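Under the UniProt record's numbering, the sequence shown has 128 at position 128, and the numbering climbs by one with no breaks.
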Amino acid sequence: MYLPLYQQIWSLTLWHRTAVAAFSSMLGFAWLWAVIDSQYHIVSFIGRTLLRQPASQWPPNSHRPWLATSVHDFWSFRWHQLLRHFFVTFGARPCGKSSGGGFTKATGLRVRGLLGWLWTMTWTVFWGAFLHDAWARRGLFSTEIFPDYVRPGKFLVNIIMQLSRSVL
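Written as structure tokens, this is what we have:
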């Protein structure tokens, strides 16, 4: 019997559901980073070429977020800088105090290195799973922000479909 993907996940064991949620979070993270960063690059290209703005007005938007070695490093430096103040104020400070801040108080050491990276990625994927689940349940992933004629994915699918029809 065929079930839509959102119903199939409930037939899995808890371990498999958790793995699917973690993998979905990582894909969501990669997708969100790629969308925001590519749009920033397009706008900065327009600003630099057409408006002749100096490079200092277009600093890098993110700095390889997958290399973050602490939650603080992730939110304050590596994740996209457009919403940095908002994320630091409402995300990093409260969550960092409750997670990495406790480690620092207990040991006197800052979270960093390989263990810091593992902690950061686990923390991001764990909370990301809840956020992505909530967004998906509210219909965010099925919304059409842009009309079909300006969506590159739809454009490419249409071309591939036309080519496959002409070949077959």
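Note that CB positions come from ideal geometry on N, CA and C, so glycine has one too. A quick note: this is a predicted structure, and the numbers were derived from the prediction, not measured.
Note that the C-beta distance between Trp-75 and Pro-65 is not below 7 angstroms. Excluding residues up to 5 positions away in sequence, Gln-53, Gln-57, Trp-58 lie with their Cβ nearer than 8 angstroms to the Cβ of Gly-47 in the same chain. Cβ-Cβ distances below 7 angstroms link Phe-126 to nothing in the same chain once the five nearest sequence neighbours on each side are left out. In the three-state scheme derived from DSSP, where H, G and I count as helix and E and B as strand, Gln-81 is classed as coil. Residues of the same chain with their beta carbon placed closer than 6 angstroms to that of Ser-164 are lacking, with the five preceding and five following residues left out of the count.
Excluding sequence positions up to five before and after Thr-120, its CB lies within less than 8 angstroms of the CB of Ala-68, Thr-69, Ser-70, Val-71, Asp-73, Phe-74, Val-111, all in the same chain and listed in chain order.
Taking a C-beta distance under 7 angstroms as the contact criterion, Phe-29 and Gly-128 qualify as a contact pair.
Burial check for Ser-25: the Cβ neighbour count within 10 Å reaches 16 or more, so the residue is buried. An exposed status is given to Trp-31, since fewer than 16 other beta-carbon atoms sit within 10 Å of its beta-carbon.
Cβ neighbours of His-63 within its own chain (closer than 7 angstroms, five residues either side excluded): Phe-77, Arg-78. Note on geometry: alpha-carbon atoms of His-16 and Ala-55 lie some 46 angstroms from one another. Looking only at Pro-60, Thr-89, Thr-49, the smallest Cα-Cα distance to Asp-37 is reached by Pro-60.
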